[in-house]
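A.B. asks:
Protein chains: 2
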Amino acid sequence: MARVTIQDVAQAANVSPSSVSNFLNDRQDRMVAATRDRIEAAIAELGYRPNRAARQLRNGKSQTVGLVVPSVGNPFWGAFAHEVEIAALALGCSVLLCNSERDPDRERRYVEELWEDGVRSIILCTSLPSLDHVSHVISEGLRLVTFDRPAQPHDPESVVSISVDNNVGGHVATTHLLELGHTNIAFVSGSIRSVNRSARYRGYCDAIEAAGLNVADMPHWAGLEADQFGDVEASELGRAAALELFADRATAPTAVVAINDMTALGFCRGLRDMGLKVGQDVSVIGFDDIILADLYDPPLTTVRQPITRMAQLAVSEAVERGSSESTDPGSSVLLRPELVVRESTALYANTISDSFLHVPATP
Amino acid sequence: MARVTIQDVAQAANVSPSSVSNFLNDRQDRMVAATRDRIEAAIAELGYRPNRAARQLRNGKSQTVGLVVPSVGNPFWGAFAHEVEIAALALGCSVLLCNSERDPDRERRYVEELWEDGVRSIILCTSLPSLDHVSHVISEGLRLVTFDRPAQPHDPESVVSISVDNNVGGHVATTHLLELGHTNIAFVSGSIRSVNRSARYRGYCDAIEAAGLNVADMPHWAGLEADQFGDVEASELGRAAALELFADRATAPTAVVAINDMTALGFCRGLRDMGLKVGQDVSVIGFDDIILADLYDPPLTTVRQPITRMAQLAVSEAVERGSSESTDPGSSVLLRPELVVRESTALYANTISDSFLHVPATP
DNA sequence: TAGTGTCAGTGCATCGTTACACCGACGACG
DNA sequence: CGTCGTCGGTGTAACGATGCACTGACACTA
Chain A
1 MARVTIQDVA QAANVSPSSV SNFLNDRQDR MVAATRDRIE AAIAELGYRP
51 NRAARQLRNG KSQTVGLVVP SVGNPFWGAF AHEVEIAALA LGCSVLLCNS
101 ERDPDRERRY VEELWEDGVR SIILCTSLPS LDHVSHVISE GLRLVTFDRP
151 AQPHDPESVV SISVDNNVGG HVATTHLLEL GHTNIAFVSG SIRSVNRSAR
201 YRGYCDAIEA AGLNVADMPH WAGLEADQFG DVEASELGRA AALELFADRA
251 TAPTAVVAIN DMTALGFCRG LRDMGLKVGQ DVSVIGFDDI ILADLYDPPL
301 TTVRQPITRM AQLAVSEAVE RGSSESTDPG SSVLLRPELV VRESTALYAN
351 TISDSFLHVP ATP
Chain B
1 MARVTIQDVA QAANVSPSSV SNFLNDRQDR MVAATRDRIE AAIAELGYRP
51 NRAARQLRNG KSQTVGLVVP SVGNPFWGAF AHEVEIAALA LGCSVLLCNS
101 ERDPDRERRY VEELWEDGVR SIILCTSLPS LDHVSHVISE GLRLVTFDRP
151 AQPHDPESVV SISVDNNVGG HVATTHLLEL GHTNIAFVSG SIRSVNRSAR
201 YRGYCDAIEA AGLNVADMPH WAGLEADQFG DVEASELGRA AALELFADRA
251 TAPTAVVAIN DMTALGFCRG LRDMGLKVGQ DVSVIGFDDI ILADLYDPPL
301 TTVRQPITRM AQLAVSEAVE RGSSESTDPG SSVLLRPELV VRESTALYAN
351 TISDSFLHVP ATP
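So the sequence lines, in the order shown, correspond to chains A and B.
Using our numbering, the first residue of the first sequence is number 1, and each one after it goes up by one.
Using our numbering, the first residue of the second sequence is number 1, and each one after it goes up by one.
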């Protein structure tokens, strides 16, 4: 059961290893049909599979795509990683998984390491405003696809971005709450020093102002000590936000736009700690539509990201850039998010419930 | 910025490449201290990093550990993958991610492919009773660590298993409900043709009988068409179970042991569909303690798996088997799960609520 | 002093694949 | 008929690391 090499195939097909190599690397124009068929048959018969290590050693590239996410422990990123793996498999690639924990330094180290290990395509899920920390690798030829981070003016030319249109996402979410009659709508985000978060916030602001309201009047909860929380802990953040925003019932909002579903869920949990009912006392809308959104009680209204499609796009941009239907380098794909209305948002008219007005202050 | 090779280091240190190789491969006894220091200095100065592809080509092994999970889209597996990556990083390894979708054939294909690509250590999260589908690779020398699947009598000798003690887990969960006074306790599992699930079921049965009750009197919901559902869909399964078990209120249980948290959450969602309140009308206990368990409303009582510890064990068994403190080959590590009481379980005495008795039948 | 052993370090073939440079044969063209 | 171009295919030197088999120097022993 020793390994079948290209030599074995060559021998079986009565050609030189070079020809087999030519066959494998799409230079079939260089040979007559009969030869091609013999090689093909030999490969099939011997069950030959090229040795990745040798290939990679020889030409410095690997068939692996690097995936750098903040943390697969977060259900959104877990789901995305799942979709990426499926898409990569379809293209014959493996996925090397890295968790950056949203640490720019880890991002850089991972990207450098992957590059040095021959990985030439990386899907980087970052939302840092600048790509300076990895630009030196890009300039050496790395195919970088950023996810969840639209292209920025100063990005290196070759970078492709796949993202949802966060601006319209934030707008859609906020408009939904406005249409339900809410006029005191908080934005809960943690730090927004990231391009996707600030875009969502902009969408929120635009919607508020378009409704003739003043953003300055709305509570904006932007985290504890800046960036103290990583990604899995988004829910902790939401929870903390709820406790803080509802400490004073007089000024508390009746509706909340959360930066993502995990934060929204944490917020709901915090509301519960304070004896408030989501979708009754307070309307909460999330972002992402993770599997848990539909499972929650009440099911969470949210803005869905089409992650399957996005994962496919990201992988195909990463591994087959330059092929027929691929995007131009430097382009940015912005997919349209979709509002999913469930039960965590309700008419403002129904919001002023007994429980809201008479609930005792928490200790 | 060309690659620094072992030759460059050798030249800089005034030794032969062989000596550098010796240095790198723990054969430092073969050289005098001064030489060692020179090599060390040269490596540091040039920033040398061994080329993985070349290494792998030469000796057929890679520094990568393969991780085969049912689906990283499932928050439990996502969290586990996260921990595995952290543990692997600490040991200088990368993690290659594969989703088996619980399909034995995909498991086999992935394992074979990883093996052929030089991966010599695989953490396989399977719960298939037999390892026959991968035993041929094991016999060639693969270091296989199974996770969430205790060793079975017919397993190949070299396999190490890391798992929680599912039997006591099931027992602890059930006992908790019994202690709350429940006597009609359902078991919701989907197919239990997997060793961990059947162990949990056994623990459940033991506890029921130890309480002087009869397992035959308890509802056991074991899935729709056997195995129709994958892993992410565990929640769908739970939801379906709820609708079915509570179709007839007369025989419906007052408490439920779910096979895992996702199923439990789905079950809660189903209960909600029927107008029932978890932790009030019905007590529900899960298994795993995923991050969402604490976030849920009501927070889910569950049996926690110590995944950080388990991931560390799995990785260290996979990559450094044979080292000092490692387990004997063929051993099985069973960690103790921990009951986490939250609010989805309640005293039976409090269970017979108005809403339970008078809720209208759903259409 | 010849013989044996140990120590520190090196030469070289090798892993499987690739692509450049080459080669022979045949056809066409001036 | 000689020459050139093209086609189909091959030889070979890498890519970078490894470890066996070896060597030269020195020490110790009989």
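In this text, a Cβ means the ideal position worked out from N, Cα and C, and glycines have one as well.
Does P129 of chain B get closer than 9 angstroms to chain A when you measure Cβ to Cβ?
C.D. replies: Judged by the 9 angstroms Cβ criterion, P129 of chain B is not in contact with chain A.
A.B. asks: Would you report the Cα separation of Y48 of chain B and S121 of chain B, rounded to the nearest angstrom?
C.D. replies: Between Y48 of chain B and S121 of chain B, the C-alpha separation is close to 26 angstroms.
A.B. asks: Would you report the Cα separation of S127 of chain A and R200 of chain B, rounded to the nearest angstrom?
C.D. replies: Distance between the alpha carbons of S127 of chain A and R200 of chain B is about 42 angstroms.
A.B. asks: Going by DSSP, name the residue or residues bridged to L300 of chain A.
C.D. replies: DSSP, once it has assigned bridges, lists no residue as partnering L300 of chain A.
A.B. asks: Going by DSSP, what residue range makes up the beta strand (DSSP E) through A349 of chain B?
C.D. replies: That residue, A349 of chain B, is in no beta strand (DSSP E); it is neither H nor E in DSSP.
A.B. asks: Helix or strand or just coil, what does DSSP make of T308 of chain A?
C.D. replies: The answer is helix: DSSP assigns T308 of chain A an H, G or I state.
A.B. asks: What does G223 of chain A pair with, by DSSP beta-bridge criteria?
C.D. replies: G223 of chain A pairs with nothing; no bridge assigned.
A.B. asks: According to DSSP, what are the bridge partners of N99 of chain A?
C.D. replies: Paired residues: A:V69.
A.B. asks: Counting contacts by CB-CB distance shorter than 9 angstroms, is R36 of chain A in contact with chain B?
C.D. replies: Not closer than 9 angstroms to any Cβ of chain B, the Cβ of R36 of chain A fails to qualify, so no.
A.B. asks: Could you tell me whether the Cβ atoms of V72 of chain A and G118 of chain B are closer together than 9 angstroms?
C.D. replies: The answer is no: Cβ separation not under 9 angstroms.
A.B. asks: List the residues of chain B whose Cβ lies closer than 7 angstroms to the Cβ of D117 of chain A, in chain order.
C.D. replies: Neighbours of D117 of chain A on chain B, chain order: R52.
A.B. asks: Give the straight-line distance between the Cα atoms of N22 of chain A and T5 of chain B, rounded to the nearest whole angstrom.
C.D. replies: The alpha-carbon atoms of N22 of chain A and T5 of chain B are separated by roughly 29 angstroms.
A.B. asks: At 8 angstroms on the CB atoms, spell out the chain A contacts of E85 of chain B, in chain order.
C.D. replies: Under the 8 angstroms cutoff, chain A gives V72, L97, C98 and N99.
A.B. asks: Could you check if S13 of chain B is buried or exposed, using at least 16 other CB atoms within 10 Å of its CB as the buried criterion?
C.D. replies: The sequence given here places Ala at residue 13 of chain B; Ser does not occur at that position. Under this definition A13 of chain B is a buried residue.
A.B. asks: Which whole runs of the alpha helix (DSSP H) in the segment 249-276 of chain B are 4 residues long or more, in chain order?
C.D. replies: Runs found: 261-273.
A.B. asks: Give me the chain A residues within the contact set of H176 of chain B, using Cβ-Cβ distance strictly less than 9 angstroms, ordered along the chain.
C.D. replies: The contacting residues do not exist; H176 of chain B stays about 21 angstroms from chain A at best.
A.B. asks: Measure how close the beta-carbons of M262 of chain B and S283 of chain B come, nearest whole angstrom, since I'm counting them as under 8 angstroms.
C.D. replies: Between S283 of chain B and M262 of chain B the Cβ distance is about 18 angstroms, and since that is not below 8 angstroms, they are no contact.
A.B. asks: Under the three-state reduction of DSSP, which class applies to T64 of chain B: helix, strand or coil?
C.D. replies: Strand.
A.B. asks: I want to see whether chain A comes within less than 9 angstroms of P299 of chain B, judged by CB atoms only; does it?
C.D. replies: Yes, P299 of chain B counts as interfacial toward chain A.
A.B. asks: Listed from N- to C-terminal order along the chain, which residues in the segment 280-298 of chain B have their beta-carbon within a distance smaller than 9 angstroms of any beta-carbon of chain A?
C.D. replies: The segment 280-298 of chain B vs chain A, Cβ under 9 angstroms: I290, I291, L292, D294, L295, Y296, D297 and P298.
A.B. asks: Between which two residues does the beta strand (DSSP E) harbouring T146 of chain B extend?
C.D. replies: From DSSP, the beta strand (DSSP E) with T146 of chain B extends over R143 to F147.
A.B. asks: Using 8 angstroms for Cβ pairs, my map puts A378 of chain A next to Q56 of chain B. What's the rounded Cβ distance?
C.D. replies: Outside the shown range of chain A, which is 1 to 363, sits residue 378 of chain A, and nothing can be said about it.
A.B. asks: Measure the beta-carbon distance from V315 of chain A to V164 of chain A and round it to whole angstroms, keeping in mind my assumption that it falls under 8 angstroms.
C.D. replies: That pair is no contact at about 17 angstroms.
A.B. asks: Closer than 9 angstroms, CB to CB, is P75 of chain A near chain B or not?
C.D. replies: Closer than 9 angstroms: yes.
A.B. asks: Tell me whether the beta-carbon of A10 of chain B lies closer than 9 angstroms to the beta-carbon of V20 of chain B.
C.D. replies: The answer is yes: Cβ separation under 9 angstroms.
A.B. asks: Reducing DSSP to helix, strand and coil, say where S364 of chain A ends up.
C.D. replies: Residue 364 of chain A lies beyond the range of chain A shown here (1 to 363); nothing can be said about it.
A.B. asks: Using a Cβ distance threshold of 8 angstroms, determine whether the segment 177-186 of chain A contacts the segment 135-148 of chain A, with at least three qualifying pairs required.
C.D. replies: Taking 8 angstroms as the limit for Cβ pairs, the verdict is that the segment 135-148 of chain A does not touch the segment 177-186 of chain A.
A.B. asks: If contacts are defined as beta-carbon pairs under 8 angstroms, then L131 of chain B and I285 of chain B qualify, I think. What distance do you get, rounded to the angstrom?
C.D. replies: Not really, about 31 angstroms apart at Cβ, beyond 8 angstroms.
A.B. asks: Contact between the segment 39-47 of chain B and the segment 92-106 of chain B is defined here as three or more beta-carbon pairs at a separation below 8 angstroms; is this criterion met?
C.D. replies: Flag = no, the segment 39-47 of chain B and the segment 92-106 of chain B do not touch.
A.B. asks: Residue ranges of each alpha helix (DSSP H) run of no fewer than 4 residues wholly in the segment 118-166 of chain A, ordered along the chain?
C.D. replies: If we require 4 residues or more, the alpha helix (DSSP H) runs fully inside the segment 118-166 of chain A come out as 132-139.
A.B. asks: CA-CA distance, E107 of chain B and L335 of chain A?
C.D. replies: Cα-Cα distance, rounded: 34 angstroms.
A.B. asks: What residues of chain A sit near S235 of chain B, judged by a beta carbon separation below 9 angstroms?
C.D. replies: Here the neighbours are I291, L292, D294 and L295.
A.B. asks: Can you tell me which of B:Q312, B:G190 and B:A216 puts its alpha carbon nearest to the alpha carbon of F80 of chain B?
C.D. replies: Ranking the options by Cα distance to F80 of chain B, first place goes to B:Q312.
A.B. asks: Considering only the alpha carbon of each residue, which of A:T64, A:P104, A:E116 and A:V68 lies closest to S94 of chain A?
C.D. replies: Of A:T64, A:P104, A:E116 and A:V68, the residue nearest in Cα terms is A:T64.
A.B. asks: Ignore the nearest five residues each way along the sequence and tell me which others in I290 of chain A's own chain have a CB closer than 6 angstroms to its CB.
C.D. replies: Closer than 6 angstroms at the Cβ level, and outside the excluded window around I290 of chain A, lie P75, F76 and D261.
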